[in-house]
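Beneath this line is the structure, given in structure tokens, with notes to follow.
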RNA sequence: GGGGCGAUGGCGGAAUGGUAGACGCCGGGGACUUAAAAUCCCCUGUCCGCAAGGACGUGAGGGUUCGACUCCCUCUCGCCCCACCA
């Protein structure tokens, strides 16, 4: 028995957090004899406070990291802040505070909150993306992409407010397509912007073979996002100013080429202007400007009825030689394929709808085997299935499995086009006409044009104090000290690029920097990188399934090709946590009024209770409702652990072996097995349930003789160790109170013997015709004959069998028998 | 429109094709207390029954099986992702 106070989490937690920090208990060494384990969680945006979602995410994450550490790994579990981005700018504008000041004070606050969780963060490796010692290397990486032709500048559409005269981020455009500042209708405007050539990695990004364990769902989402489709580029010919010119289209159905009855250009297509006849010019111009006003969301809506305008122009189908009318329509997107399509209404649903609306002919050119000729005018939808070619001149009768290949061969021979593969994936637009981001390290010289900033002049310093204009324009455009510089080639006056980088760039490489966070000479030391990367386990929200995770994979593959990395995939294992919801089962939001902040609960119950509760809500991947009532259950559990260890621990246990002590010992082994397996599989809720059961048994027996046995005393020790990843403070405190001097978190994870997890007896369930009729305790080593005898001689069982004939006797060893008996 | 996930007591949830409801919350009863809180003990799926016990029961309907929360088919509802990609 220990003389001790009532459980006081506040005092215990503060004390141990300080002690762990003093001891650098959680700093991962770069050269350890233990195997390295890089355990990463997506770093937070410093919005001001840790919310319930952070606690929900980080609690089990940390428990897993602690489990791995006790299993003998040299765990690196870093944390940092994704600190650039729009909210800081908005705060700057709204409250007249500098973005940097706002961000850094939020970080300071969140550091305290993160410490209060008692997680094993390796604070010595912290990265903050908005600080020059980090963004210097973000800029350096941009230069590497630039050098390798993976970064380029071109005209690209941006959300543009004509009133404010500035670009807008997607989140600054309201749902109705107006500017959040002034209510003007936002248009899409082409401006000079920077892009990264992620599209040239499309094929490589479809290869997931280096990945160890990712959710299948996430892989599918990335596959669909990349959107590979095989098909052909076909060049339609056009007479322009007496010249034969061509306009290419992309199609996945070259076999339908004889069914082309119209041709559609995207409204932004360069040929629109050239092909439109004077009679149609007015209608075309008005349609184009209307399309320009529409936001991408409106335009992509499937619900919308087809619209379009005839240009008056014609192209020639290179295969059939037919003259085809040219339309423009917004269902054709400039950004996909060739920005132009061949319209085959009989065999494409969208073309079908378009043709119906505008009275364009529908011609059947593909027919299912053995089918009668169809009458397309009676169809209610397009027939998209493959089939035999008909109405296709010399190709008539070509079977469906050869049709595509035959047409492609023909157009390649004739020089009308070629087989191609198209990807939905577009290049990554990284320019932001914003202040709070890493400046793009480029200067513009009147003499020498666009020039990269020499690497030894990095970082391109982001001004810390700027003034925001009412218009919402980036203040960098009006900051002469930033803007004016000299040309790296001639030394003459030059201007800096005023765009900053997308914050997704910052987060595409932070996990690399953690391996060597304070290096001022290089982005990382290749030797240290090799020690830690790739990340062994990555945990983060499913909302990042596409962008962040795809960008990071692209970065790693590109840097690999530049010989800067030796691996090809950043994250071996990936886990998506679920979302924590309000008590009403709805997403927490201010408008619903169901937002709960964790801090109050932490000061009331302590971090250990809140951590455990987060893990007890349900399966980690499923998320669930936060219900304050249920915290009480965890609070009681931890108090019961506190009490039973405090009341029952003795310095000198006896070594007597009794049947009770053997039962405890078996339960100890069983519990170790359950908790070990559950933790390995991220099943934190059932692991805690196992610990509660274990604890309940120990409490039940704490006043019995067995409590003085070494088996019982060892059970107490094991309970603390198994619980320590979940509740690190209280277990550490009890560990020391029970005579240990080293940290419980530095101890080895308890081992179990398989043999000891097996019971000596079990409850034999006896079913008659599938219904449970009797339960009998029997020895584990019982034979099938014995089981048969016990079952058939049991009076209750006999009464249910009655005079029916036994047809089957099924015995599942260690579990049950089922006697199938029927009246014949 | 396409794809995915899910539906189990009053609630959160647990169950390698083998005892449905572990663990916890809420609720009820009791002990302790002058009293309350805390704590401890017992009960707690529904229906019938004094009880012993029995019947029913995992969104609905069907199927496979000695046996289905679990596997297959159809449907309903909910959530998530993608969405005119040629």
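Numbering (our numbering), first residue to last: 3 to 826. A virtual CB, placed ideally from N, CA and C, is assigned to each residue, including glycine.
Query raised in the report: What residue does the beta strand (DSSP E) around residue 231 start on, and which one ends it?
Result: Residue mapping note: residue 231 aligns to position 229 of the first chain, counting from 1. Start and end: 230-242.
Query - Per-residue DSSP class, three states only, for residue 192 - result: The sequence position of residue 192 within the first chain is 190, counting from 1. DSSP, read as helix, strand or coil, puts residue 192 in strand.
Report task. Keeping to the same chain, check which residues put their C-beta closer than 7 angstroms to that of residue 371; ignore five residues upstream and five downstream. Result -> As a first step, residue 371 must be located in the first chain, where it is residue number 369. Correct list, in chain order: 389, 390.
Query - Nearest neighbour of residue 159, chosen from 428, 686, 782, 663 [CA to CA] - result: Taking the first residue of the first chain as 1, we reach residue 159 at position 157. The shortest CA-to-CA distance from residue 159 to any of 428, 686, 782, 663 is the one to 428.
**Report entry** Endpoints, the beta strand (DSSP E) within which residue 495 is located
**Finding:** Taking the first chain and counting its residues from 1, the one referred to as residue 495 is at position 493. Segment 495-498, the beta strand (DSSP E) holding residue 495.
Report task. Whole angstroms is fine: what's the gap from residue 717's alpha carbon to residue 670's? Result -> What you label residue 717 is simply residue 715 of the first chain in a count that begins at 1. What you label residue 670 is simply residue 668 of the first chain in a count that begins at 1. Those two C-alpha atoms are separated by around 6 angstroms.
Query raised in the report: Enumerated in chain order, which unbroken segments of the alpha helix (DSSP H) with a length of 4 residues or greater are wholly contained in the region 22-73?
Result: Taken in chain order, the complete alpha helix (DSSP H) segments of 4 or more residues contained in the region 22-73 are 54-72.
Query raised in the report: Quick one: what's residue 776 bridged to in DSSP?
Result: Residue numbering aside, residue 776 sits at position 774 when the first chain is read from its first letter. Its beta-bridge partners are 768.
Requested in this report: Find out if the Cβ-Cβ distance for the pair residue 249, residue 237 is shorter than 8 angstroms.
Outcome: The count along the first chain starts at 1 and reaches residue 249 at position 247. The count along the first chain starts at 1 and reaches residue 237 at position 235. Taking a C-beta distance under 8 angstroms as the contact criterion, residue 249 and residue 237 qualify as a contact pair.
Report task. Could you have a look at residue 564 and say whether DSSP puts it in helix, strand or coil? Result -> Residue 564 sits at position 562 when you count from the first residue of the first chain. Coil.
Requested in this report: Would you list the one or two residues that DSSP bridges to residue 711?
Outcome: Reading the first chain from its first residue, position 709 is the one you call residue 711. Residue pairing by DSSP places residue 711 opposite 656 in a beta bridge.
Query raised in the report: If you run the structure through DSSP and keep just helix, strand and coil, what is residue 579?
Result: On the first chain, position 577 is the one that residue 579 refers to. Reduced to three states, the DSSP call for residue 579 is coil.
Query raised in the report: When DSSP labels each residue in this structure, what does residue 381 get in the three-state scheme?
Result: Working through the first chain from its first residue, we reach residue 381 at position 379. DSSP places residue 381 in coil when its eight states are reduced to three.
Query - Which of helix, strand or coil DSSP assigns to residue 644 - result: Counting from 1 along the first chain, the entry for residue 644 is found at position 642. Helix.
Query raised in the report: Roughly how many angstroms separate the alpha carbons of residue 804 and residue 794, rounded to a whole number?
Result: Looking up residue 804 in the first chain gives position 802. Looking up residue 794 in the first chain gives position 792. Each residue's Cα considered, the two are about 11 angstroms apart.
Query raised in the report: Contact between the region 596-607 and the region 52-64: three or more CB pairs below 8 angstroms?
Result: Enough Cβ pairs lie closer than 8 angstroms, so yes.
Query raised in the report: Hey, how far is the Cα of residue 730 from the Cα of residue 680?
Result: Taking the first chain and counting its residues from 1, one reaches residue 730 at position 728. Taking the first chain and counting its residues from 1, one reaches residue 680 at position 678. One C-alpha to the other measures close to 18 angstroms.
Query raised in the report: Alpha carbon to alpha carbon, how far is residue 358 from residue 308?
Result: Within the first chain, residue 358 is the residue found at index 356, counting from 1. Within the first chain, residue 308 is the residue found at index 306, counting from 1. Roughly 10 angstroms separates the two Cα atoms.
**Report entry** One or two residues paired with residue 423 in a DSSP bridge
**Finding:** Counted from its first residue, the first chain places residue 423 at position 421. Looking at the DSSP assignment, residue 423 forms a beta bridge with 232.
Report task. Return the residue from the list 741, 442, 450, 241 that minimises the CA-CA distance to residue 319. Result -> On the first chain, residue 319 is found 317 positions in, with the first residue counted as 1. For the residues 741, 442, 450, 241, the minimum Cα distance to residue 319 belongs to 241.
Query raised in the report: What is the residue span of the beta strand (DSSP E) that residue 690 lies within?
Result: Along the first chain, read from residue 1 onward, the residue named residue 690 stands at position 688. Residue 690 -> not in any beta strand (DSSP E); alpha helix (DSSP H) instead, spanning 686-702.
Requested in this report: Just the C-alpha distance for residue 260 and residue 203, rounded to the nearest angstrom, thanks.
Outcome: Counting from 1 along the first chain, the entry for residue 260 is found at position 258. Counting from 1 along the first chain, the entry for residue 203 is found at position 201. Each residue's CA atom was taken as its position, placing residue 260 and residue 203 some 34 angstroms apart.
Query raised in the report: Helix, strand or coil: how does DSSP classify residue 503 here?
Result: For this step, residue 503 is matched to residue 501 along the first chain. In the structure shown, residue 503 sits in a strand (DSSP, three-state: E or B).
Query - N-terminal and C-terminal residue of the beta strand (DSSP E) that residue 264 is part of - result: Against the first chain, residue 264 aligns to sequence position 262. Segment 264-267, the beta strand (DSSP E) holding residue 264.
Report task. May I ask which residues mark the beginning and end of the alpha helix (DSSP H) holding residue 402? Result -> On the first chain, position 400 is the one that residue 402 refers to. In this chain, the alpha helix (DSSP H) harbouring residue 402 covers 402-416.
Query raised in the report: Grouping DSSP H, G and I as helix and E and B as strand, with all else coil, what is residue 590?
Result: Position 588 of the first chain, counted from the start, is the residue given in the question as residue 590. In this structure, residue 590 counts as coil in the three-state DSSP scheme.
Query raised in the report: In the structure shown, what three-state DSSP assignment does residue 716 receive?
Result: For the purposes of this step, residue 716 is identified with residue 714 of the first chain, where counting begins at 1. Under the three-state reduction of DSSP, residue 716 is assigned to helix.
Requested in this report: Would you mind reading off the limits of the beta strand (DSSP E) that contains residue 249?
Outcome: Translated into positions along the first chain, residue 249 becomes position 247. Counted as a single uninterrupted DSSP element, the beta strand (DSSP E) harbouring residue 249 occupies residues 245-253.
**Report entry** First and last residue of the uninterrupted alpha helix (DSSP H) at residue 797
**Finding:** In the first chain, the residue the question calls residue 797 occupies position 795. Unbroken alpha helix (DSSP H) run through residue 797: 797-803.
Query raised in the report: I think residue 536 touches residue 573, with their Cβ atoms under 8 angstroms apart; what is that distance to the nearest whole Å?
Result: Here residue 536 is taken as the residue at index 534 of the first chain, counted from 1. Here residue 573 is taken as the residue at index 571 of the first chain, counted from 1. So it is a contact: roughly 6 angstroms between Cβ atoms.
Query raised in the report: In whole angstroms, what separates the C-alpha of residue 227 from that of residue 239?
Result: What you label residue 227 is simply residue 225 of the first chain in a count that begins at 1. What you label residue 239 is simply residue 237 of the first chain in a count that begins at 1. So the alpha carbons of these two residues sit roughly 32 angstroms apart.
Query raised in the report: residue 299 by DSSP, collapsed to three states: which one?
Result: Counting from one through the first chain, the residue named residue 299 turns up at place 297. Residue confidence is low: residue 299 scores 47 on pLDDT, short of 50, so the model does not pin down where it sits. Its coordinate-derived value is still stated next. Of the three classes helix, strand and coil, the one that applies to residue 299 here is helix, per DSSP.
Query raised in the report: Which residue comes first and which comes last in the alpha helix (DSSP H) that contains residue 739?
Result: Position 737 of the first chain holds residue 739. Looking at the DSSP string, the run of the alpha helix (DSSP H) that includes residue 739 is 730-739.
Requested in this report: Please state if the CB of residue 210 and the CB of residue 505 are separated by a distance shorter than 8 angstroms.
Outcome: For the purposes of this step, residue 505 is identified with residue 503 of the first chain, where counting begins at 1. For the purposes of this step, residue 210 is identified with residue 208 of the first chain, where counting begins at 1. Going by C-beta atoms, residue 505 is not nearer than 8 angstroms to residue 210.
Requested in this report: State the Cα-Cα distance for the pair residue 88 and residue 544, rounded to the nearest angstrom.
Outcome: For the purposes of this step, residue 88 is identified with residue 86 of the first chain, where counting begins at 1. For the purposes of this step, residue 544 is identified with residue 542 of the first chain, where counting begins at 1. Cα to Cα, the separation comes out at about 22 angstroms.
Query raised in the report: Would residue 552 pass as a contact of residue 224 if the rule is Cβ separation under 8 angstroms?
Result: Your numbering for residue 552 matches position 550 in the first chain. Your numbering for residue 224 matches position 222 in the first chain. Closer than 8 angstroms, so yes.
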